[in-house]
Amino acid sequence: MKVVKGKGAPKSSRDALKPVDDRVVGKRKATAVQADKSSKRKAKMEKKAKKDPNKPKRPPSAFFVFLEEFRKEFKRDNPNVKAVSAVGKAGGERWKSLTPADKAPYEAKAAKRKVDYEKQMKTYNKKQEGMADDGDEESDRSKSEVHDEDEASGEEAPPEEEEDEDEDEEEEDDDE
DNA sequence: TGGATGATTGTTTTG
DNA sequence: CAAAACAATCATCCA
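Printed below as a string of structure tokens:
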């Protein structure tokens, strides 16, 4: 559990879907936050920036998959709300409200996303293979993967479009 | 004009 | 093993 932001309110606040503020943007904090390094991506970067030409982005977690759908609904119910934080908060609360069974489909999708990501990594690794920038990196792992060029190394998604989970997903969660 | 931020949680990544 | 950063989104904001 992360207890960094204070959030003194016990789970009560989370339980009840309290209306989120409409406009959260604009205020930021106090006109003194961007004074960091407005240059690259986020204010995090300390100093070492890795220069990656085109590295595949990380696969969205189940939460993000759920969020994508949730955002649509959220906007439907709150077309006036235009704050990413609003959806994020609402989504987070709702996410915790879902049962593992509900998250299952999302997780399944996220899992698929991850597999796809691995494929992208293989392609990405392949590129790196030709580009010997620094000489380091592992070396045995790519070889085994690249070995087969049937589907794994196939950069394009395989024709097999298995949609969703045909397996049993209803994981009867009895615990909670 | 365009990068940046805010907020959520989960996964990926790196040390 | 653990901590950090980053993944999407989108209106708003500063130089």
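Each position in the first sequence, counted from 1, maps to that position plus 85 in the working numbering.
Glycine included, C-beta positions come from ideal geometry on N, C-alpha and C.
Asked: Neighbourhood of residue 143 by C-beta distance below 6 Å, restricted to the same chain and skipping five residues each side; Found: none
Asked: Inter-residue Cα distance where the pair is residue 203 and residue 141; Found: 9 Å
Asked: Distance, residue 206 Cα to residue 163 Cα; Found: 38 Å
Asked: C-beta contact flag for residue 191 and residue 150 at 8 Å; Found: yes
Asked: Residue 200 burial status per 10 Å Cβ neighbour count (16 or more: buried); Found: exposed
Asked: Where residue 212 sits in the DSSP three-state scheme; Found: helix
Asked: Inter-residue Cα distance where the pair is residue 171 and residue 209; Found: 35 Å
Asked: Whole-angstrom distance between residue 197 and residue 98, CA atom to CA atom; Found: Confidence at residue 98 is low in this model, with a pLDDT of 39, below 50, so the placement of that residue is unreliable and no value is reported for it.
Asked: Whole-Å CB distance - residue 195 paired with residue 147, under 8 Å assumed; Found: 4 Å
Asked: Residue 196 - DSSP class collapsed to helix/strand/coil; Found: helix
Asked: Rounded separation between residue 160 and residue 182 - CA only; Found: 19 Å
Asked: Opening and closing residue of the alpha helix (DSSP H) in which residue 147 lies; Found: 147-162
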